[in-house]
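Asker: Going down the list, the protein sequences come from chains W and U.
Quick note, the first sequence lines up with residues 49 to 475 if you use the working numbering.
Quick note, the second sequence lines up with residues 49 to 475 if you use the working numbering.
Take a look at the following structure, please.
Protein chains: 2
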Amino acid sequence: MKKYVELTRSEAEALYERVKIEYEEYKSLGLSLDLSRGKPNSGQLDIADGLLRMPIDKEIFYSDSGFDYRNYGLVDGIPEAKKLFGELYGIAPENIIVGGNSSLQLMYDALARAMMFGTCDSERPWCREEGLKWICVAPGYDRHFRITEEMGFELLTVRMTESGPNMDEVERLVRDPKVKGIWCVPKYSNPTGNTYSDETVRRLAAMECAAPDFRIMWDNAYAVHSFTEDDDRLADIFAYAREYGNENRILYFASTSKVTLPGSGVAIVAASDENLAEIKRHMGTQTIGFDKINQIRHVAFFKNADNVRRHMLFLGAAIKEKFDITLSYLDELRGTDIAEWTVPRGGYFISLDITLGTATSVYSKMKEAGVTLTQVGATYPYGKDPEDKNLRLAPTYPSNKDLRMACEILVCAIKLAALEAILDKHS
Amino acid sequence: MKKYVELTRSEAEALYERVKIEYEEYKSLGLSLDLSRGKPNSGQLDIADGLLRMPIDKEIFYSDSGFDYRNYGLVDGIPEAKKLFGELYGIAPENIIVGGNSSLQLMYDALARAMMFGTCDSERPWCREEGLKWICVAPGYDRHFRITEEMGFELLTVRMTESGPNMDEVERLVRDPKVKGIWCVPKYSNPTGNTYSDETVRRLAAMECAAPDFRIMWDNAYAVHSFTEDDDRLADIFAYAREYGNENRILYFASTSKVTLPGSGVAIVAASDENLAEIKRHMGTQTIGFDKINQIRHVAFFKNADNVRRHMLFLGAAIKEKFDITLSYLDELRGTDIAEWTVPRGGYFISLDITLGTATSVYSKMKEAGVTLTQVGATYPYGKDPEDKNLRLAPTYPSNKDLRMACEILVCAIKLAALEAILDKHS
Chain W
49 MKKYVELTRS EAEALYERVK IEYEEYKSLG LSLDLSRGKP NSGQLDIADG
99 LLRMPIDKEI FYSDSGFDYR NYGLVDGIPE AKKLFGELYG IAPENIIVGG
149 NSSLQLMYDA LARAMMFGTC DSERPWCREE GLKWICVAPG YDRHFRITEE
199 MGFELLTVRM TESGPNMDEV ERLVRDPKVK GIWCVPKYSN PTGNTYSDET
249 VRRLAAMECA APDFRIMWDN AYAVHSFTED DDRLADIFAY AREYGNENRI
299 LYFASTSKVT LPGSGVAIVA ASDENLAEIK RHMGTQTIGF DKINQIRHVA
349 FFKNADNVRR HMLFLGAAIK EKFDITLSYL DELRGTDIAE WTVPRGGYFI
399 SLDITLGTAT SVYSKMKEAG VTLTQVGATY PYGKDPEDKN LRLAPTYPSN
449 KDLRMACEIL VCAIKLAALE AILDKHS
Chain U
49 MKKYVELTRS EAEALYERVK IEYEEYKSLG LSLDLSRGKP NSGQLDIADG
99 LLRMPIDKEI FYSDSGFDYR NYGLVDGIPE AKKLFGELYG IAPENIIVGG
149 NSSLQLMYDA LARAMMFGTC DSERPWCREE GLKWICVAPG YDRHFRITEE
199 MGFELLTVRM TESGPNMDEV ERLVRDPKVK GIWCVPKYSN PTGNTYSDET
249 VRRLAAMECA APDFRIMWDN AYAVHSFTED DDRLADIFAY AREYGNENRI
299 LYFASTSKVT LPGSGVAIVA ASDENLAEIK RHMGTQTIGF DKINQIRHVA
349 FFKNADNVRR HMLFLGAAIK EKFDITLSYL DELRGTDIAE WTVPRGGYFI
399 SLDITLGTAT SVYSKMKEAG VTLTQVGATY PYGKDPEDKN LRLAPTYPSN
449 KDLRMACEIL VCAIKLAALE AILDKHS
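This is the structure in structure tokens:
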């Protein structure tokens, strides 16, 4: 298809009339569809049903040491779960704390502790310092940004590139001692779907930070979320950090939220010995322990890391189907130069850039036609996309039928918004 | 039996020799027993086994509104659980947030939010104020004290009386605007086992606090933990607080940790509309939601509040057996005037006062004989009992046989310590 900006005025006018009619037809259908939610649908959840149907024998609640997992204790999690996740993520089990159902909570709590008490490398609690800043890679995950915004950090935006954050920019920013950390989703990133290159991971581990207590919030949320066996390879940031003597810099998070059940999975935080000692000390004041029954339930269900990987291939195939549908519709825009999008090999999202900077217009048109998209700007700090370009597509939740209809309308709305911009029409 | 202080020197010497021999015999047994842990034993946990064995039909994971509880969402908990706990605790369901497995975590998080952001009645975050103070009722719960100590509060001790905290003292202290709150376990209190009188509850709700953002941490941990049907009655603090216009003052906590399973129960926080709005706003940044499967599991298991109460009668009978054993041994000290103890009608602990102020000596003697007691001072702020008197006994965990042996040695150690003090002997 021809580039829209190269259309003659009359070609553009004619196309506009056709697309406008098409759009009005969609609108008249009175639909109510949702492409905004990065959550699995019920069919995908059924793949983990065995977890809930598993026969509960009392023996599984006793560890080798005779500890009754139904009771209080073990604030850092059960050894069997540490072993499973250690194997799965390639981390020493003793450097893992197995928590509750939410890795976001573990991240928030890690920063809350830094605010109230400081880290093991801090001179004082962060809340006693003025003008704190935090690096946000954008497009990125809105819930990350919200945590640091709420805690009073100034958010600094760094562009996501194909190989991860723009590292020249990151290395420049961390020379400021007020810059305390960075949010990273290093694999199948939210929403761009790309994986940080080895070089990026190495530079993050090696860079010289002016703040001695700088922290990389390494949210490996999609560590095992490849669609096929052709999995992206993410470098071991702990290995690099050890090499450069910066091991305390890394706080590593992951969960089974998008492996088993989003509401009832198991989350982990992994860190250096020094960090872990600090975390456990405060965590032991916060709680007597997380839900060990759910931890042993996961261990009994999966048994080992290979079975998790097998499980993820089933899940990946189910999710790939949704992505393929979405991408097949977007393909219709190829050559028009009015949109660009990522083609992830794993994860949960497609990042869609509206080339002419009319993302808000597309969002509104979709809303009017009954299709909810993720709020424009959600992928940027403070919810503001400076170029009004980025839309995050979440294809997993709708049924195939709904997804097809939503994508059809999306393509139409993108065309309409582009033609309006080109013809300088205001809807 | 005769009061020890009224023994003649030769009577005391003779008794000392007998008790000393008895104690050395216990020591020679090489025992390893534990009276320190306020946790149920496996037999008590078995009473809730139905929770884990419950058939898991997919229908239970769907709410009336069609919400799939396996998925993300509902940060404030599922409506069915709000209804159950509302009925059980006599609180409007809409004023309840149903959380994860730990009420301690909900308390810590409430104070962490106050530190970082302030409450809905604060002018600034608490961490921006200097010299904060907190009231601790003692003897009380060490984990409460530890939270406020760690967050930098100066801990002020108020004596527990039979009707609750010494309210004259509390009312005097809250005239200081630096005093931000008080820890309360209002029913079958830890470790004294008494329940606050109506008058105490009313005065707590009514008192004039200089700090506009004063908070009562109302940890109703033993709300339904009577041993028999003859349950203590605790006044409704929300009703009083509404009467006096101080509803924001109350943060109410409870959990099923000692109803179903300590590691895998369900905890709640209840509060005024204004407090709840503030809590939900920050909680929604911290997590996408707690474990809703475990919430619906509890609802499906209990169905209604009456069934929880029935369940607690089974559990209460099992726990009463342990208390009766312990008390029958302590009875041997009646009349000696060397020890005083509480006789709770519910809860988890017996509070034992060593009249002559030799609790540390008793603790050490027990340790030497292979019996672990709760650390002396644990029931006081900063872990320091100013009178060296109080010991917290936790009878639930040991087997009956172990409990009998531990109590036998305890009685012997109390006698020995008292006689040493009277005879001015140093062991």
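Even glycine gets a Cβ: it sits at the ideal position worked out from N, Cα and C.
In this text the structure is predicted, and so the values were computed from the model without any measurement.
1. Hey, out of U:GLU277, U:VAL218, U:PHE275 and U:LYS226, whose CA is closest to ALA253 of chain U's CA?
2. Tell me whether ILE139 of chain W sits in a helix, a strand or coil according to DSSP, three-state version.
3. Okay, do the region 68-85 of chain W and the region 78-91 of chain U touch, 3+ Cβ pairs below 8 Å being the bar?
4. In angstroms with no decimal places, state the Cα-to-Cα distance between MET454 of chain W and ASP169 of chain W.
5. Does the distance from the C-beta atom of ARG118 of chain W to that of LEU93 of chain U stay below 8 Å?
6. Are at least three pairs of beta-carbons, each pair with one atom in the region 308-325 of chain U and one in the region 126-143 of chain W, less than 8 Å apart?
7. What does the alpha-carbon distance come out to for the pair SER274 of chain W and ASN448 of chain U?
8. Kindly indicate which residue of W:ASN238, W:VAL233, W:ALA258 and W:THR427 has the alpha-carbon position closest to the one of THR248 of chain W.
9. Between which residues of its own chain and SER84 of chain W is the CB-CB distance below 7 Å, once the five residues before and five after are set aside?
10. Where does the unbroken alpha helix (DSSP H) through MET163 of chain W begin, and where does it stop?
11. Hey, GLU210 of chain W and LEU203 of chain W: beta-carbon distance below 8 Å or not?
12. MET163 of chain W to ARG297 of chain W, Cα distance in whole Å?
13. Where does PRO213 of chain U sit, in a helix, a strand or coil, going by DSSP?
14. Going residue by residue through the region 368-421 of chain U, where are the continuous alpha helix (DSSP H) segments of at least 4 residues, counting only ones entirely within it?
15. Taking a contact to mean a Cβ-Cβ separation below 8 Å, would you say ARG207 of chain W touches ASN214 of chain W in this structure?
16. Report yes if the C-beta distance between ILE402 of chain U and VAL410 of chain U is below 8 Å; otherwise report no.
17. Indicate whether THR304 of chain U and VAL314 of chain U have their beta-carbon atoms separated by less than 8 Å.
18. Please go through the same chain and pick out, in chain order, the residues whose beta-carbon is closer than 6 Å to the beta-carbon of MET331 of chain W, but skip the five residues on each side of it.
19. Taking the alpha carbon of ARG263 of chain U as the point to measure from, which residue in U:ILE457, U:LYS228, U:VAL272 and U:ALA283 has its own alpha carbon closest?
20. Comparing C-alpha positions only, which one of U:ALA407, U:TYR445, U:ARG452 and U:ILE386 sits nearest to LEU439 of chain U?
21. Let's test the definition: count the other Cβ atoms within 10 Å of the Cβ of THR276 of chain W and tell me whether it reaches 16, buried, or not, exposed.
22. Quick one: is THR304 of chain U near chain W, going by C-beta distance under 8 Å?
23. Closer than 8 Å, CB to CB, is ASN268 of chain W near chain U or not?
24. For VAL391 of chain U, does the count of other Cβ atoms within 10 angstroms reach 16, so buried, or fall short, so exposed?
25. Between W:LYS437, W:ASP97 and W:ASP450, which has its C-alpha nearest ALA465 of chain W's C-alpha?
26. Determine, using beta carbons only, whether GLY337 of chain U comes closer than 8 Å to chain W.
27. Check the DSSP bridge columns for ARG263 of chain U and list the partner residues they point to.
28. Interface residues of chain W around PRO310 of chain U at Cβ under 9 Å?
29. Under 8 Å, CB to CB, which of the residues in the region 151-179 of chain U have a partner in chain W?
30. Around the C-beta of PHE362 of chain W, are 16 or more other C-beta atoms found within 10 angstroms, so that it is buried, or is it exposed?
31. Have a look at W:PRO225, W:PHE301, W:GLY148 and W:SER58 and flag the residue whose alpha-carbon is nearest the alpha-carbon of ALA258 of chain W.
32. Look up LYS181 of chain W in the DSSP assignment and say whether it is helix, strand or coil.
33. Between the Cα of ALA366 of chain W and those of W:SER312, W:ASN355, W:PHE350 and W:LYS306, spot the shortest distance and give me the residue it belongs to.
34. Buried or exposed for TYR292 of chain U, going by 16 or more other Cβ atoms inside 10 Å?
35. At a Cβ threshold of 8 Å, is LEU93 of chain U touching chain W?
36. Measuring only the C-alpha atoms, how far is PHE201 of chain U from ILE344 of chain U?
Answerer: In short, the structure shows the following:
1. Closest by alpha carbon: U:VAL218.
2. Coil at ILE139 of chain W, not helix or strand.
3. With a cut-off of 8 Å, the region 78-91 of chain U and the region 68-85 of chain W do not count as touching, because too few Cβ pairs lie within range.
4. The sequence shown places Ala at residue 454 of chain W, not Met. Roughly 49 Å separates the two Cα atoms.
5. yes
6. no
7. 54 Å
8. Distances from the CA of THR248 of chain W to each of W:ASN238, W:VAL233, W:ALA258 and W:THR427 were compared; the closest alpha carbon is that of W:VAL233.
9. Within the same chain, THR420, LEU421, THR422 and ALA442 come within 7 Å of SER84 of chain W by CB-CB distance, once the 5 residues on both sides are set aside.
10. DSSP places MET163 of chain W in the uninterrupted alpha helix (DSSP H) bounded by 151-165.
11. no
12. 16 Å
13. strand
14. 407-416
15. yes
16. yes
17. yes
18. Closer than 6 Å at the Cβ level, and outside the excluded window around MET331 of chain W, lie VAL123.
19. U:LYS228
20. U:ALA407
21. exposed
22. With respect to chain W, the C-beta atom of THR304 of chain U has no partner C-beta closer than 8 Å.
23. no
24. exposed
25. W:LYS437
26. yes
27. According to DSSP, ARG263 of chain U bridges with U:GLY229.
28. ARG118, ASN119, TYR120, GLY121, ILE336 and GLY337
29. Along the region 151-179 of chain U, the positions whose C-beta sits under 8 Å from a C-beta of chain W are LEU152, GLN153, TYR156, ASP157, ALA160, MET163, MET164, PHE165, PRO173, CYS175 and ARG176, read in chain order.
30. exposed
31. For ALA258 of chain W, the closest C-alpha among the options W:PRO225, W:PHE301, W:GLY148 and W:SER58 is that of W:PRO225.
32. strand
33. W:LYS306
34. exposed
35. yes
36. 38 Å
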